[in-house]
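Every letter in the sequence shown is one number past the one before it in numbering that gives the first Met the number 0, and letter 121, counting from 1, is 120. Beta carbons: idealized from backbone N, C-alpha and C, even for Gly. Notes for the one structure printed next.
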Amino acid sequence: MLSPAQKRDIYERVSEDVKGHIERATFLRGSGYLHEALSEYQQAQFYGDLAPVVPETIELLKNQIRTESKAAYNRGQKALAAKDYEKALKEFNKVMRTDPDYADAEKYYWRMLNRPENARRISELESQLWGVQRSLRNAQDKNKKQRRQQQAESLSKEILAYQYDNSLAYDQHMGEFETYLEQRRNGMAQVRQGYHFMLSGDFDAAAEAFKKARATEATAREGVNGLYRLQKRKDAIYLTNLADSAFRRGDLAQAEERAVKAVDADKEYAPASLMLKKIVRQRLALESDSILSDTRKMIADGDYRGAMEAMEDILHKEPQHKEARALYVQARDALKASIEDYIELGSVLFNQSRYDEASDYFDSVLMVEPENHIAQTYLKRIILRKQTLQMFNTETM
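This is how it looks when you write it as structure tokens:
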């Protein structure tokens, strides 16, 4: 059996893997690499309910691939017929980015790619990209570095418009994104470590790990959440200790109030839940003792119905409460033995037009003898009598 901490660790690792597939799919889809995006979505979908990928997303993407592949292929054929070889290359390149297996697009793609004018243009752009990348590596000024980064990205996109699998341009285009994913993986490792330290009680180490995650842009939100939960765990421990102190000195009201706050602060902190259960059990036991004492007096006074109802309340909360069960049976048996007396008293009260009091006696009879015909009949008569009186009162107003 895995511990809660191990389960959390596995869940977060898998969730992070799924998130990586989803983010990569979104990025590739926005870049026009629809076939690769579909593959990433399908890998995420493998994880079932953990993946926020609905079947409609997959179907819409497949339809988009079919539609855009066909349209780009047809445009490529028209450009080829018009001897516009640069445009033809770009269109067949779009087909390869969208669906590399579409018809005979690959044949035309390579034919256009190897045409001297297209190869020369790609070579010129590659040379420019090399220069910008070299300048980027040596750049110290932040603004200059940002401008060079934008130039490199622009050049890589221009190259990829001609040659979808150009390694220099593709690596540049995907590099920033992969760097983000790598930072996220490292940041999430700090987050998991933070929760591990938190669960083991090393709060200083946990705070340090969460702060490292917060300092990484890709996991800033998770780091903040970790610090928040760490504070809630500290609050839960403090409140649980206060609840325990109040419980030991017999102040159950204050103990329960603080235990409830501890559970609200961190529902995963088991000692808080256990303390709350312990306090509630003690409170119910004391309440039960008081009710049991009152019930014995009810039985002694002949209020068998009240005694049964009181015991039903206890048994609803604690079905195995032996003393409550015994008193319930005692009151029920006493009421059964008094059925004739109850019916007689009820009929006397009925004849005296004291209908509410009479109803109480007949209802008590039905508690132990639901099919008692006499009690049922009297209750029906009481209802009819009340309706008649109400009708007369209305007419005389």
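C-beta atoms of residue i and residue j nearer than 7 Å
i    : j    : result
L378 : F361 : yes
A208 : Q192 : yes
G186 : T218 : yes
V364 : A357 : no
V262 : A254 : no
I298 : A306 : yes
Q132 : A151 : yes
H20  : A43  : yes
A188 : M197 : no
D432 : A264 : The structure shown does not extend to residue 432, since the chain is modelled only from 0 to 396, so the question has no answer here.
L124 : E85  : no
Best match in the options for proximity to residue i [C-alpha to C-alpha]
i    : options                   : result
S289 : S2, M310 and R110         : M310
E6   : A87, E267, R110 and N224  : Before going further, note that residue 6 is Lys rather than Glu in the sequence given. For K6, the nearest C-alpha among the options comes from E267.
Q329 : D302, D243, V347 and L1   : D302
E286 : L159, K143 and A323       : A323
E22  : L291, R184 and Q76        : R184
S30  : D140, H172 and D100       : H172
L27  : A138, S292, E177 and K231 : E177
Assigned secondary structure, residue i (DSSP; H/G/I helix, E/B strand, else coil)
i    : result
D300 : helix
G249 : coil
A138 : coil
Y108 : helix
S199 : helix
L243 : The sequence given here has Asp at residue 243, not Leu. Of the three classes helix, strand and coil, the one that applies to D243 here is helix, per DSSP.
N371 : coil
T25  : helix
S352 : coil
E267 : coil
S126 : helix
Q162 : coil
Q319 : coil
T215 : coil
F361 : helix
P54  : helix
L378 : helix
Residue i versus residue j - alpha carbon distance
i    : j    : result
G16  : A78  : For the sequence presented, residue 16 should be read as Asp rather than Gly. Spanning the two alpha carbons is a distance of roughly 42 Å.
Y163 : Y10  : 36 Å
A212 : G222 : 5 Å
S421 : S155 : The question about residue 421 has no answer here: the residues shown for the chain are numbered 0 through 396.
L275 : A258 : 5 Å
H372 : L334 : 17 Å
P369 : V279 : 35 Å
N62  : G75  : 20 Å
Y40  : I64  : 14 Å
E116 : K93  : 19 Å
V52  : T25  : 11 Å
R238 : A252 : With the sequence shown as reference, residue 238 is identified as Leu, and Arg is not the correct amino acid for it. Cα-Cα distance, rounded: 14 Å.
D48  : K18  : 13 Å
T294 : R304 : 10 Å
D8   : I121 : 47 Å
**OP:** Mind listing, in chain order, the continuous alpha helix (DSSP H) runs of no fewer than 4 residues lying wholly within the segment 68-107?
**Re:** 84-97
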